[in-house]
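Enquirer: Residue numbers (our numbering), protein chains in the order written: chain A, 1 to 121; chain B, 1001 to 1096.
Even for Gly, the Cβ is constructed at its ideal location relative to N, Cα and C.
Dropping a structure here in structure tokens format, bear with me for questions.
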Amino acid sequence: MPQKKILTFLSRSAPYGSDHAQLCLDMALASAVFEQQVNYVFLDDGIYQLLKDQNAESIGAKTLGNALETLELYGIETVLVDAVSLAQRGFSTADLLLPAQPVSRAELSAVLRDSDAVFNL
Amino acid sequence: MSCLHLINRSPVQGALPVCSTLVRGGDGVLFIEDGIYHCLQAELISNLPPDVELYCLREDLLARGVGSRVTETVESINYSRFVELCCEFDKVVSWF
């Protein structure tokens, strides 16, 4: 049995303007299925994915917020949100649909250092 | 010749910094798609001249869960009004 890798996903895109957010989630879920240790981080515009009350029916798309709830189902327990990105955009953790843990840039930097691979989308 | 300027990218990715230097009185700026995130923080659009009409597309607000957070200087419109605006202004400038 090969050793588990620590994979960190930096999700940095808003939910509906491009498919980056969905693709990043798909990669992380696939990695979790193969029993890798996954860290999922919302950074920059990625924090917009976490806002409550999304309903993409009005623009004929799938609501990404619902899909994010599958992170936990796939055993991805380390879900982090960059505190600076959140504050810059005028939001707090109370606005988020998931209990993502706010982290500082120093903490995030340590997460990257401890990862075997980092995906940035 | 009045212009309707369309902004469709988020504040960190978008072209508003250059667009706002070219907007003139009587123009309009319409925020659509990820551009609507500009309308959640008044300071992001404070560089635009005061005699410019500001609009954002309601469908894009609702999709993103931010329908109730739009700053009061921006008028939220539907697709029909979007079409009307395209006709009311002399031309449309897309900052995609």
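(1) From this set, B/C1087, B/V1066 and B/L1057, which residue's C-alpha is nearest B/S1076's C-alpha?
(2) Helix, strand or coil for B/E1059? Go by DSSP, reduced to three states.
(3) Against A/Q54, what residues of chain B qualify as contacts under a CB-to-CB distance less than 8 Å, listed in chain order?
(4) With a cut-off of 8 Å on the beta carbons, I'd call B/H1038 and B/W1095 a contact; round off their distance for me.
(5) Under 8 Å Cβ-Cβ, which residues of chain B neighbour A/L51?
(6) Determine contact between the segment 13–24 of chain A and the segment 54–66 of chain A, defined as no fewer than three beta-carbon pairs at a distance below 8 Å.
(7) Pull up the distance between the alpha-carbon of A/V84 and that of B/V1012, whole angstroms please.
(8) Could you give the residue range of the beta strand (DSSP E) that holds B/E1075?
(9) Quick one: which chain A residues come within Cβ less than 8 Å of B/L1040?
(10) Please indicate yes or no: does the CB of B/I1007 lie closer than 8 Å to some heavy atom of the ligand NAP?
(11) Is A/G75 close to chain B, meaning its C-beta is less than 9 Å from at least one C-beta of that chain?
(12) Taking 8 Å as the cut-off, does the segment 22–37 of chain A touch the segment 71–85 of chain A (at least 3 CB pairs, one atom from each stretch)?
(13) Should B/T1021 go down as buried or exposed, given a rule of 16 or more other Cβ atoms within 10 Å for buried?
(14) Assuming A/L112 contacts A/V103 under a Cβ cut-off of 8 Å, what Cβ separation, rounded to an integer in Å, is found between them?
(15) Quick one: what's A/E120 bridged to in DSSP?
(16) Just to confirm before moving on: does the CB-CB distance between A/Q37 and A/K4 stay below 9 Å?
(17) Is A/E69 close to chain B, meaning its C-beta is less than 9 Å from at least one C-beta of that chain?
(18) What residues from chain A crowd round B/E1075, counting only those whose CB sits closer than 7 Å?
(19) For B/V1012, which residues in chain A fall below 7 Å Cβ to Cβ?
(20) Along the chain, where does the beta strand (DSSP E) that runs through B/V1023 open and close?
Expert: Once the coordinates are examined:
(1) B/L1057
(2) helix
(3) A1063, R1064 and G1065
(4) With 8 Å as the limit, B/H1038 and B/W1095 do not qualify as a contact, their Cβ atoms being about 12 Å apart.
(5) R1064, G1065 and V1066
(6) yes
(7) 14 Å
(8) E1075 to I1077
(9) R89 and G90
(10) This structure simply doesn't include the ligand NAP, nor any ligand for that matter.
(11) no
(12) yes
(13) Exposed, since its Cβ has fewer than 16 Cβ neighbours within 10 Å.
(14) With 8 Å as the limit, A/L112 and A/V103 do not qualify as a contact, their Cβ atoms being about 11 Å apart.
(15) Checking the sequence, you will find Asn at residue 120 of chain A rather than Glu. DSSP output for A/N120 lists A/L10 as bridge partner(s).
(16) yes
(17) no
(18) In chain order: nothing, as chain A lies at least about 18 Å away.
(19) D44 and D45
(20) Note, B/V1023: premise wrong, no beta strand (DSSP E); not H, not E.
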